[in-house]
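Residue numbers (the numbering used here): 3 to 581. Beta carbons are placed, not taken as given, at the ideal position from N, Cα and C, and that holds for glycine. Because the structure is a prediction, the values reported are computed rather than measured. Report on one structure; see the data block that follows.
Here it is in structure tokens:
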């Protein structure tokens, strides 16, 4: 059977506050360090407040909390500014404030809120995340706008509170109502920002509850619906996410970010046409929206429009030259188009610019390894795959591809070791057992191969290839009757020419020659270049004493370069000469 490198699949690029950077197949990129134990800066102070005559306790506590949060935000802004200065990245003060406000995670201990900021945002791994956030204008504008509104409302509330306490000849009751409305609006913003901070921390259920609390006060804010939609999307509740994104769009028809993320929700629900329409709408509203170009490229690739996908990835790169994920995905699609050198250029560029010790780097090396494998440059492929598994020891797909390459190189012991590691990490994946079974079979350990094929069938009873492989193993154990039962099942599940060929081989061994010819006819009908089938059919005709048909088929196989046919004819010629 033909051994081939497994194909990759595309992974959607979420535009969310977790900044999910995705590559293809394999590029499930890290969320603002969702998997690593993140260090935290903590900043705490007692909530000291003076009970105002017209304020209630909760309002005063909220004001103190807001001031506390702003103090930590200033501290965090200083760190971000320092990092961007080091990297020569231009970002406005307002943009940095917007980012900082949305990544402060509050916790309450002993009735005092303690705000926490993840210090890993200033590490090498997170630099590209913040850089991408800088380029994601719709998201950045929203963060900055919300924080700007919060600052305005807070200053206005402070001004009105001053008037209430010191003013003469004013309607305190009326101003108190205005003041209460302003504070409520600030509370909504606080819930909104806390919800996004919880999204950053991958606490999706907590985030949804924070957005729910905001909606209990304000049901007409598109940002809140959008935020809750992201919470649902990240937790796998796609239909709820669709409803919230749609509501956000109804409240703000020019909400490009919501269109992009609704496109993601449609895509993960399998509704690719609707997804593409939403990505295009997001681009209609903002043609410089790099992530929407990226996602449209992904949708086009999924639809088989590979060159169009390359064009969209290229547009994303033009908008954001630092968009490593777009380069990486473009490289994968170029590989699928057979443009291997161009694909390697993209992969190598990303490797040179990426953090050296990250999951991202591991996945790019994996992609580079696949390109080399498709070029037949197996040793270079193994070098990159070795780097991938050294950076990410649990990189299952990389072990599988390494095993396939070793299998093709005839290095069965190494192949068995690689598939064994993949099985250890994912014991319920039947394909790894099939691949290791192939290696055992080629090494001559037929019983061990059958054990692996048994396991594959146990995991996936409808896997025709597993039945076929086990049938071939039984043929090699000289058990054609047992093999025939398996291969009958393989034919029933999938009318593949290999299944017909091997069933014919069983029948040929069992002297059911006419049945063998019927299956070989079918195999050749399905694959007119099936040299082994021509050869076996030729031998079957010779068994039936039909020398003309037999020699015609064997000559056909020999003309195709099938060595057993060539050897057969040479031996036949020698025998004739000896006579």
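Item	Value
Could you check what DSSP says for residue 49 in three-state terms: helix, strand or coil?	Residue placement at residue 49 cannot be trusted, given a pLDDT of 43 that sits under 50; the coordinates are not used to answer.
When the distance is taken between beta carbons, is residue 396 closer than 7 Å to residue 427?	yes
Find out if the Cβ-Cβ distance for the pair residue 219, residue 179 is shorter than 7 Å.	no
Beta-carbon separation of residue 399 and residue 364 under 7 Å?	no
Tell me which same chain residues have a C-beta within less than 6 Å of the C-beta of residue 299, skipping the five on either side of it?	311, 314, 315
Do you know how far the Cα of residue 526 is from the Cα of residue 545?	19 Å
Excluding sequence positions up to five away, which residues of its chain have a Cβ less than 6 Å from the Cβ of residue 370?	349, 386
Verify whether the separation of the beta carbon atoms of residue 297 and residue 281 is less than 7 Å.	yes
How close, in whole Å, do the beta carbons of residue 206 and residue 233 come, if the pair is a contact with beta carbons under 8 Å?	5 Å
How is residue 417 classed by DSSP in three states: helix, strand or coil?	helix
Suppose the cutoff is 6 Å on Cβ atoms and the five residues either side in sequence are ignored; what does the same chain contact list for residue 53 look like?	Reliability of the predicted coordinates at residue 53 is poor, the pLDDT of 44 falling under 50, and the value obtained from them is presented with this limitation in mind. The answer is none, since no qualifying residue turns up.
Tell me whether residue 405 is buried or exposed, calling it buried when 16 or more other Cβ atoms sit within 10 Å of its Cβ.	buried
Would you tell me roughly how many angstroms separate the C-alpha atoms of residue 507 and residue 329, rounded to the nearest one?	48 Å
According to DSSP, is residue 325 helix, strand or coil?	coil
Just to confirm the assignment, what range does the alpha helix (DSSP H) spanning residue 443 have?	432 to 445
Among the residues of its own chain, which have a CB less than 6 Å from the CB of residue 425, if the five just before and after it don't count?	434
Does DSSP put residue 480 in a helix, a strand or coil?	coil
I'd like the ranges of any beta strand (DSSP E) spanning at least 3 consecutive residues and lying wholly in the region 281 to 358.	none
Excluding sequence positions up to five away, which residues of its chain have a Cβ less than 6 Å from the Cβ of residue 284?	258, 261, 262, 291, 294
Helix or strand or just coil, what does DSSP make of residue 460?	helix
Applying the 10 Å Cβ sphere with the 16-neighbour rule, what's the burial state of residue 247?	buried
With DSSP collapsed to three states, give me the class of residue 255.	coil
Please go through the same chain and pick out, in chain order, the residues whose beta-carbon is closer than 8 Å to the beta-carbon of residue 237, but skip the five residues on each side of it.	206, 207, 210
Take residue 497 as the anchor and find which of 223, 551, 522 has the nearest alpha-carbon.	522
How long is the line joining the alpha carbons of residue 50 and residue 223, rounded to whole angstroms?	Any reading at residue 50 must be qualified, since the residue scores a pLDDT of 44, below 50, and its modelled position is unreliable; no value is offered.
Are residue 198 and residue 215 closer than 7 Å when you measure CB to CB?	no
Within a Cβ cutoff of 6 Å, which residues of the same chain sit near residue 441, ignoring the five residues on either side of it in sequence?	409, 414, 417, 418
Just the Cα atoms here: how many angstroms apart are residue 444 and residue 458?	18 Å
Where residue 354 and residue 204 are concerned, what is the direct C-alpha to C-alpha distance, given to the nearest angstrom?	29 Å
For residue 499, does the count of other Cβ atoms within 10 angstroms reach 16, so buried, or fall short, so exposed?	buried
Note down, in chain order, each residue of its chain lying with its Cβ closer than 8 Å to the Cβ of residue 512, except the 5 sequence neighbours on either side.	482, 483, 486
Thinking C-beta only, is residue 250 closer than 7 Å to residue 268?	no
Once the 5 residues before and after residue 345 are set aside, which same chain residues still bring their CB inside 6 Å of it?	333, 336, 337, 373
Residue 533 lies in the alpha helix (DSSP H); which residues open and close that run?	533 to 545
Alpha carbons only, please: which of 189, 515, 531 is nearest the one belonging to residue 547?	515
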